[in-house]
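Below you'll find the structure, written out as structure tokens, and then a few comments.
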Amino acid sequence: MKKESGYQWKLGMFVVIGLVLFVGTIYFVGKQKNLFGSTFELYSKFNSVSGLEIGNNVRLSGINVGTVDDIDFLTDTTVVIKMIIKDEVRKYIKKDAIASISSDGLMGDKVLVISAGKTSNVVVENNDYITSKKAIEMDDLMVSVKKSVDNAAVITSELAQFSYSMNNGNGALSKLISDEQFGNSIKNTILNLENSTTEFKRFTVNMNNGKGALSKLVTDERMGKVIDSSLTNVKTATKGLNEVIEAAKNNFLLRGFFKKKKKEEDKKQEELDVLEEEQMKKELQFDKENDSIK
Numbered sequence: 001m002k003k004e005s006g007y008q009w010k011l012g013m014f015v016v017i018g019l020v021l022f023v024g025t026i027y028f029v030g031k032q033k034n035l036f037g038s039t040f041e042l043y044s045k046f047n048s049v050s051g052l053e054i055g056n057n058v059r060l061s062g063i064n065v066g067t068v069d070d071i072d073f074l075t076d077t078t079v080v081i082k083m084i085i086k087d088e089v090r091k092y093i094k095k096d097a098i099a100s101i102s103s104d105g106l107m108g109d110k111v112l113v114i115s116a117g118k119t120s121n122v123v124v125e126n127n128d129y130i131t132s133k134k135a136i137e138m139d140d141l142m143v144s145v146k147k148s149v150d151n152a153a154v155i156t157s158e159l160a161q162f163s164y165s166m167n168n169g170n171g172a173l174s175k176l177i178s179d180e181q182f183g184n185s186i187k188n189t190i191l192n193l194e195n196s197t198t199e200f201k202r203f204t205v206n207m208n209n210g211k212g213a214l215s216k217l218v219t220d221e222r223m224g225k226v227i228d229s230s231l232t233n234v235k236t237a238t239k240g241l242n243e244v245i246e247a248a249k250n251n252f253l254l255r256g257f258f259k260k261k262k263k264e265e266d267k268k269q270e271e272l273d274v275l276e277e278e279q280m281k282k283e284l285q286f287d288k289e290n291d292s293i294k
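Residue numbers (full-length UniProt numbering): 1 to 294.
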């Protein structure tokens, strides 16, 4: 009798524990799948769902607010995703919200992420459609990674070639590092530049202090006036000389000399014109002969 009652007590405890676990599981799954509480439906269109499945989570600001309830074809290139979302978060989802597909971690399940809008203040209604954003495909990611790897290979090759050139003494930089004579030449060039800079600095100081003829020419007002006066005198003398030459041309004693000189200049000019004309004729004749040969 005692054995039978002990067996019944254990069986009753097992049944109670099983019922508690069953109810807890139903409650947990129902909460996750929004079976309890008020909900509303949202839709979004995608060209590709990228592995998203019915039952995956819908997130808003990193919080699970719903689940994917259905995935169906609208056309051969468009898929419609139906979302069941908690009604308590509807006030945070505006008409310009954007849906996108992401991954829960690097290798985790796919999730549908709703990004809050920026301009609209109108809250979505039940059965509304929101815009979608193309998900980053693994193929696109692999192409980008391949480009990065190829670039890294090119850079590595260039570095190896540069290192080889440096070690074998090729190039100006290698000579600068390893060739003592080349290094001394560079050093002398730098010293010459420093000396030139020093001389120019000394020249500038002398200019500022009024030393030397050039400084006086630039800074001494009296010297400037003397130079202006000299230039004016030269200009006046040149003008007078031109007037004397013109007067000599009209003088009956020298008129014949200037006429003879002018005739000689005209004759030289005529000879030059004849030579140019003959040269042009030769070139034209040469062009005609070439055309006839062709």
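Glycine included, every Cβ here is placed at the ideal spot set by N, Cα and C.
Range of the contiguous beta strand (DSSP E) that encloses residue i
i	result
VAL132	Here residue 132 is Ser; the residue named in the question, Val, does not match the sequence. Per DSSP, SER132 belongs to the beta strand (DSSP E) from 128–133.
Closer than 7 Å: residue i CB and nearest the ligand MG heavy atom
i	result
ASP104	Among the components of this structure there are no ligands whatsoever, and the ligand MG is therefore not found.
Integer Cβ distance of residue i from residue j, believed to fall under 8 Å
i	j	result
ILE101	VAL58	11 Å between Cβ atoms; not a contact.
ILE114	LEU52	At roughly 13 Å, the Cβ-Cβ gap does not stay under 8 Å, so ILE114 and LEU52 are not in contact.
ILE89	VAL111	Per the sequence shown, the amino acid found at residue 89 is Val instead of Ile. VAL89 to VAL111, Cβ: 15 Å. No contact.
ILE85	THR39	6 Å
LYS134	ASN56	Incorrect: roughly 18 Å between the Cβ atoms, too far for contact.
LYS94	ASN121	7 Å
ILE63	ILE71	The Cβ separation is near 22 Å, so there is no contact.
Buried versus exposed call for residue i [16 or more other C-beta atoms within 10 Å across all chains shown]
i	result
ASP69	buried
ALA97	buried
LEU42	buried
VAL124	buried
ALA160	exposed
SER44	buried
ALA99	buried
MET83	buried
residue 297	It is not possible to answer for residue 297, since the shown part of the chain is limited to 1 through 294.
THR236	exposed
THR67	buried
* **Length-filtered (3 minimum) beta strand (DSSP E) runs lying within the UniProt domain "Mce/MlaD" (41–117)** => Qualifying beta strand (DSSP E) stretches, in chain order: 57–60, 63–73, 79–86, 98–103, 110–115.
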